[in-house]
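Q: Line by line, the protein sequences give chains A and U. Each step along the first sequence adds one to the number in my numbering, with nothing skipped, and position 2 is 14. Each step along the second sequence adds one to the number in my numbering, with nothing skipped, and position 3 is 15. We put the beta carbon where it would ideally sit given N, CA and C, even for glycine.
There are 2 protein chains.
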Amino acid sequence: MKAHVYVTLKKTVLDPQGQAIHNALKKMQYQGIEDVRQGKYFELRLDDTLDAASARAEVDRIAREVLTNPVIEEYTFELE
Amino acid sequence: MKAHVYVTLKKTVLDPQGQAIHNALKKMQYQGIEDVRQGKYFELRLDDTLDAASARAEVDRIAREVLTNPVIEEYTFELE
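(1) Straight-line CA distance for Asn35 of chain U to Asn35 of chain A?
(2) Could you compute how far the alpha carbon of Leu56 of chain U sits from the alpha carbon of Leu26 of chain U?
(3) Following the continuous beta strand (DSSP E) through Gln29 of chain U, name the residue where it begins and the one where it ends.
(4) Should Ile84 of chain A be flagged as near chain U, meaning a C-beta pair shorter than 7 Å?
(5) With three or more beta-carbon pairs closer than 8 Å as the criterion, would you say the stretch 79-89 of chain U touches the stretch 76-84 of chain A?
(6) Pair every Cβ in the stretch 43-51 of chain U with every Cβ in the stretch 17-25 of chain A, then say whether three or more of these pairs are closer than 8 Å.
(7) Does DSSP classify Asp47 of chain U as helix, strand or coil?
(8) Tell me whether Glu70 of chain U is buried or exposed, calling it buried when 16 or more other Cβ atoms sit within 10 Å of its Cβ.
(9) From the DSSP output, read off the bridge partner residues of Thr80 of chain U.
(10) Can you pull the chain A residues whose beta carbon is under 8 Å from the beta carbon of Ala67 of chain U, in chain order?
(11) Buried or exposed: which applies to Ala8 of chain A, given that a residue is buried once 16 or more other Cβ atoms fall within 10 Å of its Cβ?
(12) For the beta strand (DSSP E) that Glu92 of chain U lies in, which residues bound it at each end?
(13) Note down, in chain order, all residues in the stretch 16-35 of chain A with a beta-carbon under 9 Å from any beta-carbon belonging to chain U.
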């Protein structure tokens, strides 16, 4: 089983990296891009000892306690 | 319209950040994690001048030419 975790800055937090990329894209004449936000992506491979429910709970705990800074970041995840 | 771009290291490339996280998770007694790989996640908001086909082509070009280092990274993306 695999988990895909997406950690992004909260909407209220300024994203200078995203803005820098957005400005670069405009200078390089790419079309139709209104905004860019950058975050982190984690792929966790889970072993077979976990059933779906405990895998979901464990990944949620890891995302919340280790992969995310709760002051400025939020997360979502999917199990595959 | 929104595009979600995921940039990860190629499978053949060592991922020291992912390994560091994996080791930390083991030390902190999290269960059932076989492997961790870290990548970058980009959220692009597209304006309405682009139809779905040209949005797909533009996002693919941006991912390939700007967001990814083709020597060590690969990308996937979704349109929403």
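A: In brief:
(1) Put simply, the backbone Cα of Asn35 of chain U is about 37 Å away from that of Asn35 of chain A.
(2) 28 Å
(3) No beta strand (DSSP E) holds Gln29 of chain U; the alpha helix (DSSP H) holding it covers 28-39.
(4) No, its Cβ sits nowhere closer than 7 Å to a Cβ of chain U.
(5) In short, these stretches do not touch, since the Cβ pair count stays below three.
(6) The stretch 43-51 of chain U makes no contact with the stretch 17-25 of chain A, as fewer than three CB pairs between them are under 8 Å.
(7) Residue state for Asp47 of chain U is assigned as strand, using DSSP reduced to three classes.
(8) By the neighbour-count rule (16 or more Cβ atoms within 10 Å), Glu70 of chain U is buried.
(9) Bridge partners of Thr80 of chain U according to DSSP: none are assigned.
(10) Gly44
(11) One cannot answer for residue 8 of chain A here, as it falls past the ends of chain A, which runs 13 to 92.
(12) That residue, Glu92 of chain U, is in no beta strand (DSSP E); it is neither H nor E in DSSP.
(13) His16, Tyr18, Val19, Thr20, Gly30, Ile33, His34
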